Amino acid sequence: MAKYRDLANANVSGEGRAEELGALIDALLPVLVDRLAETGLGEIEVERNGATVRVRSESLGVPQAAAAQSPSAAPAAALSSVSAARKRAVRATAVGFLTLSKEIHVGAKVAKGALVATVEVLGIPTEVRAEHGGIVAALKSATGDPVEYGQEIFLLESIGEGAK
Amino acid sequence: MIKRVLIANRGEIALRILRACRQLGLEAVVAYSEADADSRAVLVADEAVCIGPADAKQSYLSAPAIISAALATGCDAIHPGYGFLSENAAFAEAVAAHKLTFIGPSAPILEKFHSKAATRALLAKHGLPTIPGSDGVVADEAAALDAAKKIGYPVILKASAGGGGRGMRVAQDAAELSKNFSICAQEAQSAFGDGSIYLEKYLSATHHVEVQIAVDSEGTALHFGERDCSLQRRHQKLVEESPSTALTPRVREEFLARAAKAIGSAGYRNVGTLEFLVGPDGKPYFIEINCRIQVEHPVTEVVTGVDLVALQIALAGGARMPMRQTDIQPRGHAIEFRITAEDPAQNFQPQAGEISAYRSPSGPWVRFDSHLYAGYEVPPYYDSLLGKLIVWGATREEAIARSRAALRELEIDGVATTRDFFLGLLESPLFLSGGVTTSMLDDVGTAAILAAAPRRSGDQAGA
Chain A
1 MAKYRDLANA NVSGEGRAEE LGALIDALLP VLVDRLAETG LGEIEVERNG ATVRVRSESL
61 GVPQAAAAQS PSAAPAAALS SVSAARKRAV RATAVGFLTL SKEIHVGAKV AKGALVATVE
121 VLGIPTEVRA EHGGIVAALK SATGDPVEYG QEIFLLESIG EGAK
Chain B
165 MIKRVLIANR GEIALRILRA CRQLGLEAVV AYSEADADSR AVLVADEAVC IGPADAKQSY
225 LSAPAIISAA LATGCDAIHP GYGFLSENAA FAEAVAAHKL TFIGPSAPIL EKFHSKAATR
285 ALLAKHGLPT IPGSDGVVAD EAAALDAAKK IGYPVILKAS AGGGGRGMRV AQDAAELSKN
345 FSICAQEAQS AFGDGSIYLE KYLSATHHVE VQIAVDSEGT ALHFGERDCS LQRRHQKLVE
405 ESPSTALTPR VREEFLARAA KAIGSAGYRN VGTLEFLVGP DGKPYFIEIN CRIQVEHPVT
465 EVVTGVDLVA LQIALAGGAR MPMRQTDIQP RGHAIEFRIT AEDPAQNFQP QAGEISAYRS
525 PSGPWVRFDS HLYAGYEVPP YYDSLLGKLI VWGATREEAI ARSRAALREL EIDGVATTRD
585 FFLGLLESPL FLSGGVTTSM LDDVGTAAIL AAAPRRSGDQ AGA
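Protein chains in written order, with my numbering: chain A, 1 to 164; chain B, 165 to 627.
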């Protein structure tokens, strides 16, 4: 849980062959995210077996450029799996049964503050509102699911400063 | 029959209930707040559910969150532990309304025994001796002065809805009573939402002795001996032991039998505790009932061999009493020390922070009920209990000697604890003689007890 929250505040990018990059990320990412928080450094880069992973604190700005620089198709494939870390989770605000708002589906545009779901607590709906604007990237829960407080409902991909 | 239990509490008691559930072959889900995501009960549990943020009002004290969590996780029963919602009749009623079993007395029984003044009157009717006091709640200051005149000073003012030592004030004379009455009523109103006050004669130099009882749905009531909880700090218990040094064998037998009979006939069900004060005359006077499993229940478990949490769950599920009074034969002597994250040198100020090193005591007849582990972060939001050291001996002397060894073995670094205070206590002639009364800390002073603690150099060398 704690690791996840840290990830949400860090930006990750990498280059290298997909396999090596994947292995490196699996092994190092949690450590790097912790180290980033501990040291207060803005960015940490690690190179191993020809693959490079860079973790940058979000407070320094989104390294969109770093991802775009990927020189070949293979790293790009790996990057798409990495990019999950850039997505923000919309979380349940109570423990109970979930109802997603009708307009929530993968690809849907969500405005900051929009009512995206309700959690029914003993028959009383508790609102879940989007803290950020973005595009729904992946659903993590469905209508009717029991959810706990803080559980991920879906992931929102940022669409930049202009998104409302 | 109960199949799946939501454990709606935290700390050591969540772990204790989880163990009982597993022993009984029941599934268990631990409900936790965001601040307790890394708690031992959550780590050990097969299933856990986050019910809200750190603030207890939105998690452990939120009836909707807890009941919703039980429904979302498919539980058919809720164990409230102690504190929080454990004695809340409205919560028990809501639990039952959702077709869930409340592991404790039912809502009507919690309601019936909610008022201390009414309970005292009820149990007096069923044969329990009570301390002379006002006839129920006193309406105003004039009525309080009138009642105090009849009772005789000193008197103690108590909040009818109070508990945990809060909402009490002693008055030595009429002037002090006048001064304290409105303060006490205001405190009671803000702390418990009920400003009702009653009066009792204040007994100085008393032992606090309580009787563990259990009653099945048919009204079969048993007692499981007594616990002496005289060592207190601001009316909060620090050490509990069984048997009590304040009762003679003759008084004890009659007293325990009378307590069980009274509580059964008064209509109480499930496990509970009847609290008494034993004055200098050696006679117990009933003061209040606790309608829950208590922090100090292991003391009774150790001397009787009865698993009280398992019994509580069975009785809540509708089971008949699985034993007879003659089956319960307390043996030897047990002492419990409440190890809290409090600094005795700083007036027991609560501490929070990371447990940097942890070593639990062990060995024959040593039990340590604790949720600690090295690296655990003690959150600042809840009570400061870190663990309960329960030690048994064939005699009180043996239990004390074994307790010294166990306390020396215990190491908790990172926060101040009550460990050294207890090591000092075990050197105190008053404690060793069994003469501890509820005013000991005021009389002897915490500093003197701490000063008596043996130096730690030997421990450090072994660490």
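All C-beta atoms in this analysis are idealised placements derived from N, C-alpha and C, irrespective of residue type, glycine included.
Bear in mind the structure is a predicted one, so any value in this text is a computation, not a measurement.
Using a Cβ-Cβ cut-off of 8 Å, B:P544 does not count as an interface residue toward chain A, since no Cβ of chain A sits closer than that to its own. Contact annotation: the region 570-581 of chain B does not touch the region 373-386 of chain B, with fewer than three C-beta pairs closer than 8 Å. Here the alpha carbons of B:S298 and B:L287 stand approximately 15 Å from one another. Take the alpha-carbon of B:G469 and the one of B:A430: they are about 27 Å apart. Taking 7 Å as the cut-off between beta carbons, the residues of the region 107-135 of chain A near chain B are V121, L122, in sequence order. Contact residues of the region 493-513 of chain B toward chain A are absent (C-beta to C-beta distance below 9 Å). Contacts between A:E152 and chain B, judged by CB atoms closer than 9 Å, are missing: the closest CB pair is about 12 Å apart. Contact check for B:I492 against B:E405 fails: the beta carbons are separated by 8 Å or more. A straight line joining the alpha-carbon of B:N434 with that of B:L420 spans about 17 Å.
Contact check for B:E390 against B:P407 passes: the beta carbons are separated by less than 8 Å. Its Cα nearest to that of B:Y362, the residue B:A352 stands out among B:R180, B:A369, B:A352, B:H371.
The beta-carbon distance between A:V110 and A:G134, rounded to whole angstroms, is 6 Å. This is short enough to meet the 8 Å contact definition. In the same chain as B:D358, and ignoring 5 residues on each side of it, the C-beta atoms closer than 8 Å to its own belong to A323, S324, A325, A352, in chain order. Along the region 440-471 of chain B, the alpha helix (DSSP H) occurs as fully enclosed runs of 4 or more residues at 461-468, listed in sequence order. The region 483-492 of chain B makes no contact with the region 503-510 of chain B, as fewer than three CB pairs between them are under 8 Å.
Going by DSSP, B:D607 is part of the alpha helix (DSSP H) stretching over 604-608. Here DSSP, grouped into helix, strand and coil, assigns B:T237 to coil. For B:E405, the three-state secondary structure derived from DSSP is strand. Interface residue (Cβ-Cβ distance to chain A less than 8 Å): B:P525 is not classified as such. For the region 88-100 of chain A, the set of positions with a beta-carbon nearer than 8 Å to some beta-carbon of chain B reads A94, V95, G96, F97 in chain order. For the C-beta of B:P228, the chain A residues within less than 7 Å are, from N- to C-terminus, V121, L122. The C-alpha of A:R129 is placed about 5 Å away from the C-alpha of A:G113.
When only Cα atoms are considered, B:I519 and B:P272 end up about 42 Å apart.
The CB of B:I215 comes closer than 8 Å to the CB of V95, E148, Y149 in chain A, given here in chain order.
Counting C-beta pairs closer than 8 Å gives three or more between the region 89-96 of chain A and the region 228-235 of chain B, which meets the contact rule. DSSP lists A:F97 as the bridge partner or partners of A:P146. Around B:F255, the same chain offers A227, L249 as residues with beta carbons nearer than 6 Å, after the five sequence neighbours per side are excluded.
Between B:A616 and B:S592, the C-beta gap is smaller than 8 Å, which places the two residues in contact. With distances taken between CA atoms, B:D533 lies nearest to B:F501 out of B:V373, B:F501, B:A516. Inclusion of B:A505 and B:A521 in the CB contact set at 8 Å is not warranted, their separation being larger than that value.
Cβ-Cβ distances below 8 Å link B:H497 to E405, S406, P407, V467, W556, G557, A558, T559, R560, E562, A563 in the same chain, with the five nearest sequence neighbours on each side left out; the list follows chain order.
Rounded to the nearest angstrom, the gap between the Cα atoms of B:L309 and B:R397 is 28 Å. When rounded, the separation of the alpha-carbon atoms in B:L225 and B:G175 is 15 Å. When DSSP reads this structure, A:P125 sits in a beta bridge with A:E120. Between the beta-carbon of B:V193 and that of B:V208 there is about 12 Å, and that puts the pair past the 8 Å contact cut. The CB of B:T237 comes closer than 8 Å to the CB of P146 in chain A, given here in chain order.
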